[in-house]
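Structure first, commentary second.
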């Protein structure tokens, strides 16, 4: 269980949120600049809140007055919007980046299984500039899961994909989530995507949650205007 209770002063408002994520997909949804990516960055350790606590299971990542656990020790997979693949590395080296060379044979089998499930075996010797957007997304997702994280953070990972590829990636994410059964925190601006993938949707506005829906009571929202009215 991920538990987040943080406060942080941003340019035009204060981020002040309190929520938890079990072994489910929770979507952060709201206007650009409402604080969604800031939450992911605070959870990952790329930045830190001014007040509050961040805890995953029995491990406290951040607590006011204590030294935060560094990024590399948080066991978190983070898939950025631009995928952040290293252009000078092959796909295989990108996937293995950050993986402990002393990992067990079983861990190697996990990576091989991910590569097979996401259908990127034929890409291993290529460089990022030689593959499509959908292929980059699959490579980045494989890299994010290669270290067997306890938590997965996704920052608009499907926004640059065409409709057909996006749908395929949605199905792959849902399949992987069933297999891995870890908390996933997803940021998206796509309403249909939020409703399809999210077990819960947390609606944000100016650094605060203004509404929440779950699978059992999600009413299809047809437009961003209607989403704002739902807030």
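Numbering (the numbering used here), first residue to last: 53 to 283. We put the beta carbon where it would ideally sit given N, CA and C, even for glycine. Everything numeric in this text was worked out from a predicted model, so none of it was measured.
Next item on the list: Measure how close the beta-carbons of residue 234 and residue 94 come, nearest whole angstrom, since I'm counting them as under 8 Å.
Entry: Position 182 of the chain shown, counted from the start, is the residue given in the question as residue 234. Position 42 of the chain shown, counted from the start, is the residue given in the question as residue 94. The pair is not a contact, with the Cβ atoms about 19 Å apart (cut-off 8 Å).
Check: Can you name, in chain order, every residue of its own chain whose Cβ lies under 8 Å from the Cβ of residue 123, other than the five neighbours on each side?
Finding: Residue 123 sits at position 71 when you count from the first residue of the chain shown. Once the five neighbours on either side are set aside, the close Cβ partners of residue 123 are 96, 97, 98.
Checklist line | Reference residue 178, options 195, 57, 146, 151, closest by Cα | finding: In the chain shown, the residue the question calls residue 178 occupies position 126. With distances taken between Cα atoms, residue 178 lies closest to 146.
Check: Based on the DSSP output, what are the partners of residue 103 in its beta bridges?
Finding: Position 51 of the chain shown, counting from 1, holds the residue named residue 103. Paired residues: 59.
Check: What three-state label does DSSP hand residue 66 in the structure shown?
Finding: Looking up residue 66 in the chain shown gives position 14. Strand.
Check: Looking at C-beta atoms only, is the number of pairs between the stretch 102-117 and the stretch 56-73 that lie closer than 8 Å three or more?
Finding: With a cut-off of 8 Å, the stretch 56-73 and the stretch 102-117 count as touching, because enough Cβ pairs lie within range.
Notebook entry, point to check: Residue range of the alpha helix (DSSP H) that residue 185 falls in?
Noted result: Numbered from its first residue, the chain shown carries residue 185 at position 133. From DSSP, the alpha helix (DSSP H) with residue 185 extends over 185-197.
Next item on the list: Check whether the Cβ of residue 237 lies closer than 7 Å to any heavy atom of the ligand HEM, and answer yes or no.
Entry: Looking for the ligand HEM in the displayed structure turns up nothing, as the structure carries no ligands at all.
Item checked: Bridge partner(s) assigned by DSSP for residue 263 -> Here the question's residue 263 lines up with position 211 in the chain shown. DSSP output for residue 263 lists 255 as bridge partner(s).
Margin query: Between 266, 257, 223, 164, which has its C-alpha nearest residue 88's C-alpha?
Written below: Start at 1 with the first residue of the chain shown, and residue 88 comes out as number 36. Residue 257 is the option with its Cα nearest to residue 88.
Check: DSSP state of residue 292, grouped into three classes?
Finding: Past the boundaries of the shown model lies residue 292; the chain is included only from 53 to 283, so the question cannot be answered.
Next item on the list: Pick helix, strand or coil for residue 142, following the three-state DSSP scheme.
Entry: For this step, residue 142 is matched to residue 90 along the chain shown. Three-state result, residue 142: coil.
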